[in-house]
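Student: One structure coming up, written as structure tokens, with questions to follow.
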Amino acid sequence: VSRVTSNKYMATPRGLFELKYFFTAAIASSEGGEAHSAEAVRHRIRELIAEETPDAVLSDDKIVEILRNEGVEIARRTVAKYRETLDIPSSVQRRRQAARGAI
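The numbering of the sequence shown is the working numbering, which starts it at 43 and goes up by one.
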């Protein structure tokens, strides 16, 4: 699909988009079942971080552990990349922000 969609664009009522925009990467399931879309995994990472408490900030490693327990096979580097694309600071930065907010 990648080669077919390279340098091809689609005009929509919302603007011009490269065809690649309409496809997402798949992330393997740790149980060999259905793969998970990258977008769904990013959404789950956002949810996990939104639900964290100031005294229990989740590290990328902890997020990997939670996702693997939910059946998503993902690397820590991928979690870090997705977190950065979501403009979410690292666990160290979030911990500092929480400490500043508690003062």
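Ideal Cβ placement from N, Cα and C applies to all residues, glycine included.
(1) Output needed for I116: all residues of its chain with C-beta closer than 8 Å, excluding positions within five of it in sequence on either side, in chain order.
(2) Find the nearest neighbour of R137 within the set D97, Y124 and F64, judged by alpha-carbon distance.
(3) Quick check: the Cα distance between I87 and G113, rounded to an integer number of angstroms?
(4) To the nearest angstrom, report how far apart E94 and R125 are at their CA atoms.
(5) For S133, which residues of its own chain have a beta-carbon under 6 Å away from its beta-carbon, when the five flanking residues on both sides are left out?
(6) According to DSSP, simplified to helix, strand and coil, what is L58?
(7) Check for me: the alpha helix (DSSP H) holding V121 runs from which residue to which?
(8) State buried or exposed for T120, treating a residue as buried only when at least 16 other CB atoms are found within 10 Å of its CB.
Tutor: Reading it off the structure:
(1) For I116, same chain residues with a beta-carbon under 8 Å away, outside a window of 5 residues either side, are I69, V83, V106, L109 and R110 in chain order.
(2) Of D97, Y124 and F64, the residue nearest in Cα terms is D97.
(3) Here the alpha carbon of I87 sits roughly 14 Å from the alpha carbon of G113.
(4) Taking the straight line joining both Cα atoms gives about 14 Å.
(5) Once the five neighbours on either side are set aside, the close Cβ partners of S133 are V99 and S101.
(6) Here L58 sits in strand by DSSP.
(7) R118 to T127 is the extent of the alpha helix (DSSP H) around V121.
(8) Label assigned to T120: buried.
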